[in-house]
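Please read the structure below before turning to the comments.
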Amino acid sequence: MSTRISIEELLRWRAARAEAEAPPAPRAARLLEMARPWWEIWPERFQSFVERLGRIQVAYGHAMAEPRQSHTGHPVPALIVRAVEELETSVRVLYLNVRDGRLRLRFQLDAATVQAQESFEVTFVSDKPERPLLSATAIFSLDGEYRIDTELSEELAHGWEPLKVTDRMPFRLILCSDKDGG
Amino acid sequence: MRFVWFWTFWHWSKESFRGGSLLRNPLHGVGSHWDEWFRHEALESDLRAIAEAGRTESAQRQFIAWLYLHWAHEANWSGNRLIPRFVLGQLAPLSPFKEWQAFDEYRVSYGIGGIPAIVLTAESSGEAEDIRPVEALTLPADTGPKTVSEGFRANAAELETPHRAAMNVLSGKGLLIFLALWLVGGQRPYPRWLKTLLGLGWLSASGLILYLLVGPEPGERLFSFAATLTGLWSALGIVAVTVAVKQCFYAWRQGQRWSSRLEQSQVRLRMNGGLTIKGGSAGLPFCLNMLISLFRADPRATDRSWIWQRLGRRLRAETNGWAATGVVTGDGFLKPVVLEPKLRACLQHAGIKHILTPSQRDASRWAVARLIHAMTPAILKSEPDMPTTAHAQLGFAAEERRLVSHRCRHVAQALMALGGFTSGWQKAMSALAVAVSCLMLLALQDLLCILLPPRAPDVVAPASPSPYYLWVSLDTKHPEYFEVVLESKYWSNRRAKVMRYSGADASVRAEIFLHRLTGQIARDGEDGTVWIERRRRFLTREYASDERVGRYSIAYLNRLVHD
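Just so you know, the sequences run in chain order A and B. Taking this note's numbering, the leading residue of the first sequence gets 2, the next gets one more, and so forth. Taking this note's numbering, the leading residue of the second sequence gets 6, the next gets one more, and so forth.
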């Protein structure tokens, strides 16, 4: 028996085998389900997170003797959701830029309380009324910092464009660990 | 203009900060800002220029040199030499610098060097890896905390206390302790010939004092001896006091400057390894490294203060062989720590030759020697069994471990040890100088009376109300430097010291008890002469005196009005 086989034939054989072993394509309904944001899939869970987030009270108390420095910023309440725990904390927004309908944001997690991880699925929740605004992936950058680069709806882009990093942020954050999320 | 892209980034960072897009100022957030700029803001032309700058290692090094020499100067950072290092350290892990070979050294360290801390990992009984390099870097203050940890986690209080201790050593009680230690036994800024000359001077002064106290009667030479001693002591004293005061003043002034600089700075402490520090035994190295960072930020600041200059130079050059451990309090005192595993870690580490510890018993030389003995392999401890016929000799190439422990009660003592200030010679000279000066101060009046004798006194009232006594009252303020001698053929000759008497007949006088001679030649009770003599003395010794400065008859003295 000849053992000679051309590369082309080999590739075809491999592709046919991969097709045969691949799982079936999801149905349209499943695809639609997967495209829905998580807060629509698990509204009760979202509601409990929002309630917990609403209870976090963070603000700097300026009790120092020196005049208040203008560039301290305002801490943003954040809830870190992992499979085994939920952690109330706050983040410091380091960079905020809304341009051409895109949001570029950098924030820093309190390194003392949170172990750094590669990425978070971040849900922006408006202050009042408490409703989800958008969801985006935050990628670890350096030294406890995460960056977000995402598109904004026209309404949000218009509202957030004049925001400065030192302003009080009109949102709170739910940070879902990627591997534990959903 | 070279490296325009870096200026473009820098100005973008400044403008974004000013415009409210960035929270941190361009310096403190340089890493994060670069990451953002490089990803989203840099133009194609900038990216091409950056790629060109990183094409070869030589070009990369040119960029580093440019940052040190030009950017730091033009961005007004020339007052702090550590800022380019900080910027390079922040950029090193980011694209595209993380691929640049010339940045390798900045990825793990700022390249400042410092005194390592001995931080044991859990379960460690003292390994070489527990000696952890620590670097400190001072930057202009930001809105964040005054002390920031990099590469490790620590309680804010554990970083704040060394910061306060460093401030204390620069401008508080700690500085006084440091200067006092330096005054007692610290090296002085003298050239060798002057040091020898001054040593000989103090020895000569002490020799002269001894000669004047127990030597043969100096006679006419007393004046020249006294003049030489006074002149020598004055010259030595002036040199010692001038140098001490000048150096203390410069050290104090520079300490004040550094203290306010530290107050207005953010200190970044870097210790790689990702440890979470439990306990405060790294307080001493943290505190010392904060001080080192100030010396390194502006080495020229120490130009006028020899003390800080020497300390800064030694710390820049010789921190490699040192390690430190100790809990430091806010006012700079050191508290004991668990030491044995730390000493073991130092002994395992080939580079550590000195350790700064709190003053505790298990840091004594004996304890260290015992530990070295316990750690030495048995074959090195005992004489090898050599066959008598063997001609070959065994060679043990293993170096004998040496570790000098410097026990300190205060951070100031650690600075003394690090600066190599402690000098046995200077301690001996200081002790000699203090002893000589104390004796000289006690004998100053005696010497002045030898060199500048008080004027000869006149005899004044009152005379003695009793016929059995002869009072010779003198108008002098220095009774102890005169005495009275009675020479008579009717009364027995006597010598009396002049003293200050109080009471009803208060005066400065000599009282001579009159005692008739049994076989007197004269018949007149008023026969006799009273001489006033100068006394010359030095501390406990009185010299023979032949200087008579007054002569009075008994008749004259008897007729003085009794007041």
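Using N, Cα and C, we set each Cβ at its ideal position, and we do this for glycine too.
Chain A residues whose Cβ lies nearer than 7 angstroms to that of residue i
i       : result
B/His45 : Arg105
Cβ-Cβ distance between residue i and residue j below 8 angstroms
i        : j        : result
B/Phe8   : B/Trp39  : no
B/Ser114 : B/Leu274 : no
B/Gly533 : B/Ser471 : no
B/Leu457 : B/Thr235 : no
B/Ile136 : B/Ile120 : no
A/Val166 : B/Gly25  : yes
B/Ala329 : B/Leu289 : yes
A/Leu110 : A/Tyr96  : no
B/Pro459 : B/Ile537 : no
A/Arg103 : A/Glu162 : no
A/Arg93  : A/Pro78  : no
B/Gln259 : B/Thr307 : yes
B/Met276 : B/Gly156 : yes
A/Ala158 : A/Tyr147 : no
B/Arg540 : B/Gly424 : no
Contact set for residue i: own chain, Cβ-Cβ below 8 angstroms, skip 5 residues either direction
i        : result
B/Gln269 : Pro145, Ala146
B/Thr334 : Thr166, Ala170, Lys340
B/Ala80  : Trp15
B/Ala231 : Leu217, Leu452, Ile455, Leu456, Phe543
B/Glu104 : Gly59
B/Pro346 : Leu125, Ser129, Ser130, Gly131, Asp135
Integer-rounded CB distance, given that residue j should sit under 8 angstroms from residue i
i        : j        : result
B/Gly331 : B/Thr362 : 6 angstroms
B/Leu447 : B/Leu562 : The Cβ separation is near 35 angstroms, so there is no contact.
B/Ser286 : B/Ala141 : Not a contact, Cβ separation roughly 17 angstroms.
B/Val477 : B/Ala515 : 5 angstroms
A/Leu80  : A/Glu86  : In fact, because the Cβ distance is near 11 angstroms, the residues do not count as touching under 8 angstroms.
B/Leu175 : B/Trp263 : 5 angstroms
B/Leu213 : B/Ile455 : About 13 angstroms separates the two Cβ atoms, so there is no contact after all.
B/Leu420 : B/Ile377 : Not quite, the Cβ-Cβ distance comes to about 27 angstroms (not below 8 angstroms), so this is no contact.
B/Arg86  : B/Ala302 : 6 angstroms
Helix, strand or coil at residue i according to DSSP, with G and I counted as helix
i        : result
B/Trp198 : helix
B/Pro392 : With a pLDDT of 48 at B/Pro392, under the threshold of 50, the modelled position of that residue is not reliable, and no figure is offered here.
B/Lys340 : strand
B/His33  : coil
B/Arg301 : helix
B/Tyr561 : helix
B/His359 : strand
B/Arg309 : coil
B/Trp82  : coil
B/Gly429 : helix
B/Ile455 : helix
B/Arg90  : helix
B/Leu96  : helix
B/Ala549 : coil
A/Lys165 : coil
B/Ser364 : coil
B/Trp536 : strand
A/Met170 : coil
A/Ser91  : strand
Where residue i meets chain A, residues with beta-carbon distance less than 8 angstroms
i       : result
B/Glu41 : Tyr96, Arg105, Arg107, Arg148
Under 9 angstroms from the C-beta of residue i: neighbouring residues of chain A
i        : result
B/Gly288 : Residues of chain A passing the Cβ test: none, with the nearest at roughly 19 angstroms.
Contact set for residue i: own chain, Cβ-Cβ below 7 angstroms, skip 5 residues either direction
i        : result
B/Phe68  : Phe8, Ala58
B/Gln106 : Glu62, Gln65
B/Gln353 : Gly131, Glu132, Ala133
B/His415 : Gly179, Ile182, Gly337, Phe338, Leu339
B/Val503 : Leu479, Pro484, Phe487, Glu488, Val489, Val513, Arg514, Ala515
B/Met434 : Gly204, Trp207
Chain-ordered neighbours of residue i on chain B, where CB pairs are closer than 8 angstroms
i        : result
A/Val166 : Gly25, Ser26, Leu27, Leu28
A/Leu174 : Within 8 angstroms Cβ-Cβ: nothing; A/Leu174 doesn't reach chain B, min ~16 angstroms.
A/Leu157 : Within 8 angstroms Cβ-Cβ: nothing; A/Leu157 doesn't reach chain B, min ~17 angstroms.
A/Leu143 : Gly36, Ser37, Asp40, Pro98, Leu99
Beta-carbon contacts of residue i that lie in its chain and below 6 angstroms, excluding the five residues immediately before and after
i        : result
B/Ala501 : Val489, Ala515, Ile517
B/Phe108 : Ala97, Phe102
B/Met445 : Trp238
beta-carbon residue i near the ligand HEM non-hydrogen atom, thresh 7 angstroms
i        : result
B/Leu217 : The ligand HEM is absent from the structure shown, which contains no ligands of any kind.
### Message
By the 9 angstroms beta-carbon criterion, what residues does the region 77-99 of chain B contribute toward chain E?
### Response
The structure shown contains no chain E; the protein chains it does contain are A and B.
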